[in-house]
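Enquirer:
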Ligand code: SF4
């Protein structure tokens, strides 16, 4: 009897990539493969790439080397955003057998025959215009939380971004299918679902293959709130111009949607926002934050910011710093601008020297630590609900409250994937929060 073939996956980048790796993994399972960890010996290694990752090429080469070291005979395939943008670059990496672009990645099992290694990397890429169909996905990353894809691609034209070139036009899953996937997830004892996509606020566009919005993001949120068995729903990242009052008001009253928003700002200077071709000015951003805090004073608000965009003077940067310093936000994700081929920004003048970019990034990261601490302090003595995660981290178990405060307590396997009511008591030296249980299990 033939032994079952083994497949291993490595995912780089965002939650969307993680959800898509899961879909590809299920296809392999249907073809009779067993999934193993990437550090184990496999017959095929699949690397789901990202174009946002710093030094994406270096990172990719290291991962291929790791796979080859574990099993030099194994077949190596690359899929994902970087594989769409730079297929030949990936195919030329020693040991790579197959590179699949945006339309082909979900057909990977059709390309796998006898798994014997190729003399050179075979490329099957596509024109990004052809990536106009939707493939639904969800991933079960650990035992506590699932990433549910609701939308893909982007019709915006931010001047620094390659995602529209890597993922194509904005398109959405049907409402019916999203609800079906959410139900399936809840039946697997997963307590939290995180909605994912490239531009989830654009949900509904391309739902049935046309450019119209069939449903709005607000309608999606309302429909998901009614799915039985889901304990927590988290809206991940949403563009400020697409986060409407009705959604914020609904979340403030919802039992399942948690008070946590991640809203990309990118710059606190209107001059830079215009150069980036973002679809809002900083005044709208302030308005969104104020609206959230008015109806949910305990809400956690995360912010994406890019430093060192071409044309960003010291003055523009300080404007961003001061803007964020004064705003009632909870933490920052800081990205240091780096040029991407085939983007408008890569051709712009007034390039910011790399050392200045690094310095600005450090300053904003410092601000993020301060903001998070202030947010955590504001939450001390409040009663929250925590969902415990599944890993033992140096003798502790971690968890997140509904408003994204990270808590810890000594490891106890019985807590894994359970929800508890707690009172936040103290911030530890490592920045995590201690608590007291205030009653028995929530459910
Ligand atoms: S909204 Fe802008 S930054 Fe975000 S994926 Fe679309 S083009 Fe890129």
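Residue numbers (the UniProt record's numbering): 1 to 443. Each residue gets a CB set at the ideal place from its N, CA and C atoms; glycine is no exception. For clarity, every value in this text was computed on a predicted model and none was experimentally measured.
1) So, does the stretch 384–395 touch the stretch 415–433, judging by three or more C-beta pairs under 8 Å?
2) Is residue 156 close to the ligand SF4? I mean its beta-carbon at under 7 Å from any heavy atom of the ligand.
3) Which of helix, strand or coil does DSSP assign to residue 107?
4) According to the Cβ coordinates, are residue 402 and residue 145 closer than 8 Å?
5) Hey, is the stretch 29–48 in contact with the stretch 170–178, meaning 3+ C-beta pairs nearer than 8 Å?
6) I need the straight-line Cα distance from residue 5 to residue 62, nearest angstrom please.
7) Leaving out five residues before and five after residue 428 in sequence, what residues of the same chain have Cβ atoms less than 8 Å from its Cβ?
8) Tell me, please, whether the stretch 113–124 touches the stretch 362–376 by the rule of three or more beta-carbon pairs shorter than 8 Å.
9) Opposite residue 477 in the DSSP bridges: which residues?
10) Indicate whether the contact test is met: 3 or more Cβ pairs, each with one atom in the stretch 122–142 and one in the stretch 302–315, closer than 8 Å.
11) Could you please give me the residues that DSSP links to residue 421 through a beta bridge?
12) Grouping DSSP H, G and I as helix and E and B as strand, with all else coil, what is residue 376?
13) In terms of residues, what are the limits of the beta strand (DSSP E) holding residue 48?
14) Less than 8 Å separating the beta-carbons of residue 227 and residue 197?
15) Whole angstroms are fine: how far does the CA of residue 410 sit from the CA of residue 394?
16) For residue 437, count neighbouring Cβ atoms within 10 angstroms of its own Cβ and tell me buried if that reaches 16, exposed if not.
17) Confirm, please, whether the CB-CB distance from residue 218 to residue 256 is below 8 Å.
18) Can you give the Cα-Cα distance for residue 1 and residue 108, rounded to whole angstroms?
19) Is there at least one non-hydrogen atom of the ligand SF4 closer than 7 Å to the beta-carbon of residue 164?
20) Heavy atom of the ligand SF4 less than 7 Å from the Cβ of residue 199, yes or no?
21) Strictly by DSSP, which residues pair up with residue 149?
22) What residue does the beta strand (DSSP E) around residue 316 start on, and which one ends it?
23) Going by DSSP, which residues form a beta bridge with residue 80?
24) Please state if the CB of residue 289 and the CB of residue 249 are separated by a distance shorter than 8 Å.
25) Might you give, ordered along the chain, the residues of its own chain that have their beta carbon closer than 8 Å to the beta carbon of residue 161, omitting 5 neighbours on each side?
Expert: Per the coordinate set shown:
1) yes
2) yes
3) helix
4) no
5) no
6) 24 Å
7) 408 and 434
8) no
9) Nothing can be reported for residue 477: it is not among the residues displayed for the chain, which extend from 1 to 443.
10) no
11) 385
12) helix
13) 44–49
14) no
15) 9 Å
16) exposed
17) no
18) Low local confidence applies: a pLDDT of 44 at residue 1 is under 50, so the model's placement there is unreliable, with the coordinate-based value given in what follows. Cα-Cα distance, rounded: 25 Å.
19) yes
20) yes
21) 196
22) Per DSSP, residue 316 belongs to no beta strand (DSSP E); it is in the alpha helix (DSSP H), 314–326.
23) 49
24) no
25) 154, 340 and 343
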